[in-house]
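Colleague: All you need for this note's numbering is the position in the sequence shown, starting with 1, plus 118.
Below is a structure I'd like to ask you about.
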Amino acid sequence: MQVAGGCGIDATGRVTTDRDYRIPLSVPLYATGVALIGSVLFAMEKRDVMTRRLCLSLLLFTAMTAPAPPVHAQATKPYTRADTLRGSLGPARAWWDVTFYDLHVRVAPADSSVIGYDAITYRALEPGDEMQIDLQAPLQIDSVVQAGRRLEVRRDGNAWFVTLAEPAAAGEMATLGVHYHGKPRIATNPPWDGGLILAQDSLGRPWIATANQALGASVWWPTKDTQADEPDDGQRIAITVPDSLVDVSNGRLRSVVNHDDGTTTYEWYVESPINNYDVAINAAHYAHFGGIYHGESGVLTLDFWPLDYHLDAAREQFRQVRPMLGCFEHWFGPYPWYRDGFKLVETPHLGMEHQSAIAYGNHYRQGYLGRDLSGTGLGLDWDFIIIHESAHEWWGNSLTTADLADMWVHESFANYAESLYTECMHGEAAGADYVVGTRAGIRNDRPIIPEYGVNAEGSGDMYPKGGNMLHMIRQLVDDDEAWRGILRGLNREFRHQVVTGSQVRRYIAERSELDLTSVFQQYLETTMVPTLEFGIEDGTLRYRWTDVVPGFDVPVEAMTGDRCVVLRPTTDWRSMPTDLGDPAQFDIDRDYYVRIRPEGGEPRPASASCGD
Ligand SMILES: [Zn+2]
Numbered sequence: 119m120q121v122a123g124g125c126g127i128d129a130t131g132r133v134t135t136d137r138d139y140r141i142p143l144s145v146p147l148y149a150t151g152v153a154l155i156g157s158v159l160f161a162m163e164k165r166d167v168m169t170r171r172l173c174l175s176l177l178l179f180t181a182m183t184a185p186a187p188p189v190h191a192q193a194t195k196p197y198t199r200a201d202t203l204r205g206s207l208g209p210a211r212a213w214w215d216v217t218f219y220d221l222h223v224r225v226a227p228a229d230s231s232v233i234g235y236d237a238i239t240y241r242a243l244e245p246g247d248e249m250q251i252d253l254q255a256p257l258q259i260d261s262v263v264q265a266g267r268r269l270e271v272r273r274d275g276n277a278w279f280v281t282l283a284e285p286a287a288a289g290e291m292a293t294l295g296v297h298y299h300g301k302p303r304i305a306t307n308p309p310w311d312g313g314l315i316l317a318q319d320s321l322g323r324p325w326i327a328t329a330n331q332a333l334g335a336s337v338w339w340p341t342k343d344t345q346a347d348e349p350d351d352g353q354r355i356a357i358t359v360p361d362s363l364v365d366v367s368n369g370r371l372r373s374v375v376n377h378d379d380g381t382t383t384y385e386w387y388v389e390s391p392i393n394n395y396d397v398a399i400n401a402a403h404y405a406h407f408g409g410i411y412h413g414e415s416g417v418l419t420l421d422f423w424p425l426d427y428h429l430d431a432a433r434e435q436f437r438q439v440r441p442m443l444g445c446f447e448h449w450f451g452p453y454p455w456y457r458d459g460f461k462l463v464e465t466p467h468l469g470m471e472h473q474s475a476i477a478y479g480n481h482y483r484q485g486y487l488g489r490d491l492s493g494t495g496l497g498l499d500w501d502f503i504i505i506h507e508s509a510h511e512w513w514g515n516s517l518t519t520a521d522l523a524d525m526w527v528h529e530s531f532a533n534y535a536e537s538l539y540t541e542c543m544h545g546e547a548a549g550a551d552y553v554v555g556t557r558a559g560i561r562n563d564r565p566i567i568p569e570y571g572v573n574a575e576g577s578g579d580m581y582p583k584g585g586n587m588l589h590m591i592r593q594l595v596d597d598d599e600a601w602r603g604i605l606r607g608l609n610r611e612f613r614h615q616v617v618t619g620s621q622v623r624r625y626i627a628e629r630s631e632l633d634l635t636s637v638f639q640q641y642l643e644t645t646m647v648p649t650l651e652f653g654i655e656d657g658t659l660r661y662r663w664t665d666v667v668p669g670f671d672v673p674v675e676a677m678t679g680d681r682c683v684v685l686r687p688t689t690d691w692r693s694m695p696t697d698l699g700d701p702a703q704f705d706i707d708r709d710y711y712v713r714i715r716p717e718g719g720e721p722r723p724a725s726a727s728c729g730d
């Protein structure tokens, strides 16, 4: 494995928080009306360069030796050892790198059981003799076999520690087979509260699916359950189901084998690295139709798998895929998975960005289950699940963050992609209307970035607030082609890689030649909305930033009467001559997610339209 740049963790934090809340996955939970319970926490951690080809051992060493920063947490429930095993690159994870998963699972919907094995091929980055394999209770590992020898296994909650027969030498490649069985956790509210989904279609026929982002793929198959390590060479997914059903998993279908016992095995093959939470079972009475898209990287196959009785509805609704691909390739660069194709697969849950097999459950309606999250009406011109989940093929699947705490990279860009799609359809002003409209969903309940290393998720604000942060950075870049170059550059630079949020921040700052340190800190690490305090007296306008992190000095376009000017406020008072007499005539362009407050008055949102 190659190391790209220096690896390291500058700081780690021990932050405690109430873990009762569950927040969104690939689709915004804020839109479901489920209340978020959370407490403010403030964890600052910076991670340096780490690619999919991880410098695992160095990260581990740094994590263990870095000083603990101040803790700003209000809740008291500590994270557990299990959280750390799940969310960190512990010693039994750090020395090896997954190169291939060969997964075989037989699903019996009659008794909700699974049985199968995963052959895990890995490369030793350094010598090691104990491996952590994750498989969540109540599933049971029956045996782990390597080169014909059964290995010793020790269980610690959902982590299973396997002792190799012989210590691995650095650089060595090997495979071990993990055999398992049991009844996986059944999803209670997928995709947010996920697991195995055993549903029925409207004709009462079985409909099997999986959805397990954040919860973890180990809820149904044995894996190294971290976003930080993807199988470099891809994955086989061979799913056996009752032969009345068709399974559609990720990648391409290689074979269909009927068995004498009334079951059929569908062998799917993914050639590219894949997040383990994207690996999916979808088994139902599907119909199929396909097509070809001529895109930036050539010929892309499109395959659509609606329920058989939804074929006509799907043929109509899925016409949105081509303009979506055109818009996103324009803004983000080539679709990342030409080798594995593009698919939409109808699911009993709302949706999920399952790589090269997007889960679709929006009932062939426009908007988000028929609703517009922006409140502008613009969101009803397209199907939220097609647009949002497909955006994750670039943001989340190709460019993947190493730690769930950096999920903002996935969701902020996916939210922002919705506004770019609106822009592709209706022009730039409409795109701005959309993203500004989604501010209604911002809660500022707690920071978008929670603690690292414990598989924690930040606030659901990672969707609308993150999208608005990106929209605001576009204003600061002030050059649409340069901005598009940055978005495409991120996808080119980090194509098919695991990255940290810090890498993404740094890339945008370097390419834009802007110091965005305080902008990212403000919006990702605090719940404060920057507020421009101002006063008008004797022909002088004075103003300063309040409710901001130190060093916040973002320039804004301000409306003073009938004209717009650029202000460069800092946290110290500045002033300029003005003709204004009425504070109500002072405003800031709405493209900036900030507030204004007359001295001694109440804050109000920025709402001016200064134009381009
Ligand atoms: Zn999403």
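By construction, the Cβ of each residue, glycine as well, lies at the ideal position given by its N, Cα and C atoms.
Source: prediction; values computed, not measured.
Select from Gly334, Ala327, Leu333 and Pro568 the residue whose C-alpha is nearest the C-alpha of Ser317.
Modeller: According to the sequence as given, residue 317 is Ala; it is not Ser. Residue Ala327 is the option with its Cα nearest to Ala317.
Colleague: To which residues of the same chain is His297 closer than 8 Å at the C-beta, ignoring the five residues directly before and after it?
Modeller: Closer than 8 Å at the Cβ level, and outside the excluded window around His297, lie Gly234, Tyr235, Ile259, Asp260, Ser261, Val262 and Val263.
Colleague: Look at the alpha carbon of Ala332 and the alpha carbon of Asp524, and state the distance between them as a whole number of angstroms.
Modeller: Their backbone Cα atoms lie some 12 Å apart in a straight line.
Colleague: Contact defined as beta carbons within less than 8 Å: I believe Thr381 pairs with Pro349. What is the distance between those atoms, to the nearest angstrom?
Modeller: Not quite, the Cβ-Cβ distance comes to about 26 Å (not below 8 Å), so this is no contact.
Colleague: Following the continuous alpha helix (DSSP H) through His544, name the residue where it begins and the one where it ends.
Modeller: Unbroken alpha helix (DSSP H) run through His544: Trp526 to His544.
Colleague: Count the other C-beta atoms from every protein chain shown that fall within 10 angstroms of the C-beta of Pro695, then say buried if there are 16 or more, exposed otherwise.
Modeller: Under this definition Pro695 is an exposed residue.
Colleague: For Arg272, count the other beta carbons within 10 Å of its own beta carbon; 16 or more makes it buried, fewer makes it exposed. Which is it?
Modeller: Exposed, by the Cβ-count rule.
Colleague: Skipping 5 residues on each side, what residues in its chain have a beta carbon closer than 6 Å to that of Asp220?
Modeller: Correct list, in chain order: Ala237 and Arg354.
Colleague: Given the structure, does Tyr581 come close to ligand 2, in the sense that its CB is under 8 Å from one of the ligand's heavy atoms?
Modeller: With respect to ligand 2, the structure shown offers nothing to examine, as its ligands consist of ligand 1.
Colleague: Could you check whether the Cβ of Glu511 sits closer than 8 Å to any heavy atom belonging to ligand 1?
Modeller: Glu511 Cβ: outside cutoff for every heavy atom of ligand 1.
Colleague: May I ask which residues mark the beginning and end of the beta strand (DSSP E) holding Trp325?
Modeller: Looking at the DSSP string, the run of the beta strand (DSSP E) that includes Trp325 is Pro324 to Ala329.
Colleague: Does the distance from the C-beta atom of Val595 to that of Leu642 stay below 9 Å?
Modeller: For Val595 and Leu642, no; Cβs fall outside 9 Å.
Colleague: Alpha carbon to alpha carbon, how far is Pro285 from Pro466? Give it in angstroms, no decimals.
Modeller: Going by the C-alpha atoms only, they are around 45 Å apart.
Colleague: Rounding to the nearest angstrom, what Cα-Cα distance links Ala475 and Arg606 in this structure?
Modeller: Near 23 Å, if we compare the C-alpha coordinates of Arg606 and Ala475.
Colleague: Short of 6 Å in beta carbon distance, which residues of its chain neighbour Thr239, apart from the five on each side in sequence? Order them along the chain.
Modeller: Within the same chain, Thr239 has close Cβ partners Thr217, Phe218 and Thr293.
Colleague: So, using beta-carbon positions, are Arg660 and Phe670 closer together than 9 Å?
Modeller: No; because the gap between Cβ atoms is not below 9 Å, this pair is not in contact.
Colleague: Report the residue ranges of all beta strand (DSSP E) runs contained in full by the region 442–472; include only those spanning at least 3 residues, in chain order.
Modeller: DSSP runs (the beta strand (DSSP E)) wholly in the region 442–472: 460–464.
Colleague: State yes or no: is the C-beta of Leu588 within less than 9 Å of the C-beta of Phe531?
Modeller: A contact, by the Cβ cut-off of 9 Å.
Colleague: Do you know how far the Cα of Ile567 is from the Cα of Arg116?
Modeller: Outside the modelled stretch of the chain, which goes from 119 to 730, sits residue 116, for which no answer is possible.
Colleague: Name the DSSP beta bridge partners of Arg713, please?
Modeller: Its beta-bridge partners are Thr649 and Pro723.
Colleague: Nearest to Asp598 by alpha carbon, out of Phe450, Ala702 and Arg323?
Modeller: The option with the nearest alpha carbon to Asp598 is Phe450.
Colleague: Hey, quick one: how far does the alpha helix (DSSP H) through Asp598 stretch, first residue to last?
Modeller: Element bounds for Asp598: Asp598 to Glu611.
Colleague: Between the beta-carbon of Pro648 and the beta-carbon of Val712, is there less than 9 Å?
Modeller: In contact: Pro648 and Val712 (Cβ atoms closer than 9 Å).
Colleague: Kindly list the residues whose CB is nearer than 6 Å to the CB of Glu248, restricted to its own chain and excluding five residues on each side of it in sequence; keep chain order.
Modeller: Contacts found: Ala210, Phe279 and Thr281.
Colleague: Pull up the DSSP beta-bridge partners for Val271, would you.
Modeller: Note: Val271 sits in a beta bridge opposite Val280.
Colleague: Using 8 Å for Cβ pairs, my map puts Phe436 next to Leu462. What's the rounded Cβ distance?
Modeller: Phe436 to Leu462, Cβ: 6 Å. Contact.
Colleague: Residues in its own chain within less than 8 Å of Leu522 by CB, not counting five upstream and five downstream?
Modeller: Closer than 8 Å at Cβ, skipping near neighbours: Gly205, Ala332, Gln345, Asn573, Ala574 and Glu575.
Colleague: Compute the Euclidean distance between the alpha carbons of Ala401 and Asp365, then round it to the nearest angstrom.
Modeller: Approximately 4 Å, taken between the alpha carbons.
Colleague: So if DSSP puts Asn307 in a beta bridge, which residue, or which two residues, is it bridged to?
Modeller: Bridge partners of Asn307: Asp311.
Colleague: I'd like to know whether the C-beta of Leu632 is nearer than 9 Å to at least one C-beta of chain B.
Modeller: The structure shown contains no chain B; it is built from a single protein chain.
Colleague: Counting only the same chain and skipping the five closest in sequence on each side, list residues whose C-beta sits under 6 Å from that of Val152.
Modeller: Here the model assigns Val152 a pLDDT of 32, short of 50, so the residue's position is not dependable and the matter cannot be decided.
Colleague: Helix, strand or coil: which one does DSSP assign to Ala432?
Modeller: It is helical.
Colleague: With distances taken from CA atoms, which of Ser320, Ser336, Gly275 and Gly289 is nearest Ile304?
Modeller: Considering only alpha carbons, the answer is Ser336.
Colleague: Among the candidates Val439, Asp215 and Glu471, whose CA atom is the shortest distance from the CA of Asp347?
Modeller: Among Val439, Asp215 and Glu471, the Cα nearest to that of Asp347 belongs to Asp215.
Colleague: Round the Cβ separation of Val439 and Ile504 to the nearest angstrom and send it over; I've been treating them as touching at under 8 Å.
Modeller: About 6 Å; that satisfies the 8 Å criterion.
Colleague: Within 10 angstroms of the Cβ of Phe407, are there 16 or more other Cβ atoms? Answer buried if so, exposed if not.
Modeller: Result: exposed.
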